[in-house]
Amino acid sequence: HSRVGKGTRLEAVFQYSHLDRPPMGNLAGSLCVFLMDARELHLRYVHWKDGRKFTFDSLAFAREQGVTSLGNACLFPLLLSRLGQGFKD
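Numbering (our numbering), first residue to last: 21 to 109.
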């Protein structure tokens, strides 16, 4: 769903036990690299598993760090840690 000036919303839903769902792999690392490169992107990621919810908002994270972009390599360890912890819990 896209709207001019508002952005694009993409939603993907996969049942964990479905035969066609590929393994998740290192999702924290993949998202981290993606966010470091897509500097103007505002990503709100929501992940549900076993009734537990993990939410990550790239804009809120950047504000917490006092920056406007996640493109600074110094942020990589912090971002990877936050995403990794979210997927671990």
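Glycine is no exception: its CB is placed at the ideal position from the N, C-alpha and C atoms.
| task | Please check the pair S78 and L90, which I expect to be a contact at CB under 8 Å, by giving their CB distance rounded to whole angstroms. | result | Position 58 of the sequence shown holds residue 78. Position 70 of the sequence shown holds residue 90. Confirmed, about 6 Å.
| Y65 - partner residues in DSSP beta bridges | Within the sequence shown, the letter at position 45 stands for residue 65. In the DSSP output, where bridge partners are listed per residue, Y65 has F76.
| query | Between the region 98 to 106 and the region 32 to 50, do three or more beta carbon pairs fall short of 8 Å? | reply | yes
| query | If you draw a straight line from the alpha carbon of R41 to that of F34, how long is it in whole angstroms? | reply | As a first step, residue 41 is located in the sequence shown; it is residue number 21 there, counting from the start. As a first step, residue 34 is located in the sequence shown; it is residue number 14 there, counting from the start. Approximately 7 Å between the Cα atoms of the pair.
| said: For E60 and L30, I'd like the C-alpha separation in whole angstroms. | reply: Locating residue 60 in the sequence shown gives position 40, counting from the first residue. Locating residue 30 in the sequence shown gives position 10, counting from the first residue. Rounded to whole angstroms, E60 to L30 spans 17 Å at the Cα level.
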